[in-house]
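Worksheet: the structure to be examined is printed underneath.
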Amino acid sequence: MRVTIKDVAKRAGVSTSTVSRVLNKNSVISPETTEQIHKAMRDLNYIPNDLARSFAKASSHVIGLVVDTGSPEDYSNRFFCNTVFALESSFHKHGYNLMVVHAEIPDQDERGIIRLIQGKKIDGIIIPEKLACERLIAELQTISFPFVVLGKRASVNSYSWVDIDNMQAGGIAARYLYAKEYQEFYFLVGSGDQIFEKERIAGFSETMKSLGVPTESYHILAGEHDEQDLKKTLELKHVKRSNRRGFLCSSDRLAAKLIHLSSQMAISVPEQVGVLCFDHTDVAECMVPAISCIDVDTYEQGAQAAELLLKQMQEKEFKCRHILIPTKVIERDSTGGLA
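If you're matching positions, the sequence shown starts at 802 in my numbering and goes up one per residue.
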């Protein structure tokens, strides 16, 4: 529910006309009362009605990028760096600078972001899906402030987002392993709870079904996949020794671990076991054998997000848009068996 001038007046213990005078910078109001009203506005996260209209009159030429200072591991990886580089490059071409906006607790820390907007410090904002809390989104939509989300949430179509096409990624992985004539298929995922994991699983499973692969011949295994778990999977007794098995791993590290254990257990890669992983990384490229991968183009995700935000800032009647970035297979030795 939107906070009104009446709510501010009630909180500050003054009349609505007094609040109005403070908003209009009337010097008749005492400094003490003015501060009292400003505090009430901050406490209630009140945004004046004319704020949205004022955006068109001034530009900071700065775009904000929200990051979670309480979760540095999410932002220290190569893929996020690629996204940031793409954002910076794209905005720079159009005369904008990129500014990092810190947020530690999404559901409680949106006020700092709103203050930047109120102070006209930023003209638009990019928000990772993890930090796109409902309160922040509602505030931005209320004042018609331009923003784009990196990633998407299930069944959310009310704002613009750019994401990797994870359904397609799972699908092309399944089709690729099937084309390599493996008979048993395993998708090793993390928790399986993340939206991108669910979409990859759905794409993998639906493609296997469409290819006519029996349900007992493809498996979704979620978990931490420690050494003991992987050994049990590799030495499954119910699998015919003649069956060639194709593995799709959620990361390059997991794929490397699987190849290492296969070597220890005298299982040949790619003849007996084929290994495919998500993400095109140096680890995947430098392994022996080199690991085939699904290339997830996070640079393109950043570039598309920047272009989408710029359009939103320029178009008077912008309608929210959704962009999916396709993925592709990079073939290497770990799946180099039969064509």
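By construction, the Cβ of each residue, glycine as well, lies at the ideal position given by its N, Cα and C atoms.
Here's the rule I'm using: 16 or more other beta-carbon atoms within 10 Å means buried, otherwise exposed. How should T870 be labelled?
Under this definition T870 is an exposed residue.
What does N898 pair with, by DSSP beta-bridge criteria?
DSSP, once it has assigned bridges, lists V863 as partnering N898.
How many Å lie between Q1065 and S1052 at the Cα?
Roughly 20 Å between the two C-alpha positions.
Nearest candidate by alpha-carbon position, reference L888, set V950, N846, Q919
For L888, the nearest C-alpha among the options comes from V950.
The alpha helix (DSSP H) enclosing A1023, as first and last residue numbers
Segment 1019 to 1023 is the beta strand (DSSP E) holding A1023; no alpha helix (DSSP H) there.
Coarse secondary structure for R854, derived from DSSP in three states:
Below a pLDDT of 50, predicted positions are generally treated as unreliable, and R854, at 49, falls in that range; the measurement from the model is reported next regardless. R854 sits in a helix when the DSSP states are folded into three classes.
Per DSSP, the bridge partner or partners of H903
H903 pairs with V868.
List the whole-angstrom C-beta distance separating M842 from I864, where the pair is believed to meet the contact cut-off of C-beta under 8 Å.
In this structure M842 is not in contact with I864, their Cβ atoms being roughly 26 Å apart against a cut-off of 8 Å.
Opening and closing residue of the beta strand (DSSP E) in which G925 lies
It spans 925 to 929 - the beta strand (DSSP E) in which G925 sits, taken as one unbroken run.
When the distance is taken between beta carbons, is S1069 closer than 8 Å to T1136?
For T1136 and S1069, no; Cβs fall outside 8 Å.
Quick check: V867 and L917, are their CB atoms within less than 8 Å of each other?
No, the pair does not count as a contact, with Cβ atoms beyond the cut-off.
Limits of the beta strand (DSSP E) - the one that E985 falls within
Boundaries of the beta strand (DSSP E) harbouring E985: 985 to 990, taken from the DSSP string.
In three-state DSSP terms, what is C934?
Of the three classes helix, strand and coil, the one that applies to C934 here is coil, per DSSP.
Does DSSP put S959 in a helix, a strand or coil?
Three-state result, S959: coil.
So, do the segment 1072 to 1086 and the segment 1109 to 1122 have three or more beta carbon pairs nearer to each other than 8 Å?
Counting Cβ pairs under 8 Å, fewer than three are found: no touch.
Under a three-way DSSP split, which group does F1048 fall into?
Secondary structure of F1048 (DSSP, three-state): strand.
State buried or exposed for S818, treating a residue as buried only when at least 16 other CB atoms are found within 10 Å of its CB.
Exposed.
Pick from D808, T835, R1054, L1049 that is closest to H1020, judged by C-alpha positions:
If you compare the alpha carbons of D808, T835, R1054, L1049 with that of H1020, the shortest gap goes to L1049.
Whose C-alpha, out of K981, G991, L941, is nearest the C-alpha of E1072?
The shortest Cα separation from E1072 among K981, G991, L941 belongs to K981.
Can you tell me which of F892, T805, K1033, T1128 puts its alpha carbon nearest to the alpha carbon of T943?
That would be T805, whose Cα lies nearest to the Cα of T943.
For my contact list, D1027 and L1125 are in at a C-beta cut-off of 8 Å; report their separation, rounded to the angstrom.
Incorrect: roughly 33 Å between the Cβ atoms, too far for contact.
Cutoff 6 Å; reference M1009; Cβ partners in own chain excluding five residues on either side
So the list reads A975, Y1019, once near-sequence residues are dropped.
At 3 residues or longer, and completely inside the segment 1029 to 1110: list those beta strand (DSSP E) runs for me, N to C.
The qualifying runs are 1046 to 1050, 1074 to 1079, 1093 to 1096.
Distance between K840 and R812 (C-alpha atoms, nearest Å):
Going from the Cα of R812 to the Cα of K840 covers about 9 Å.
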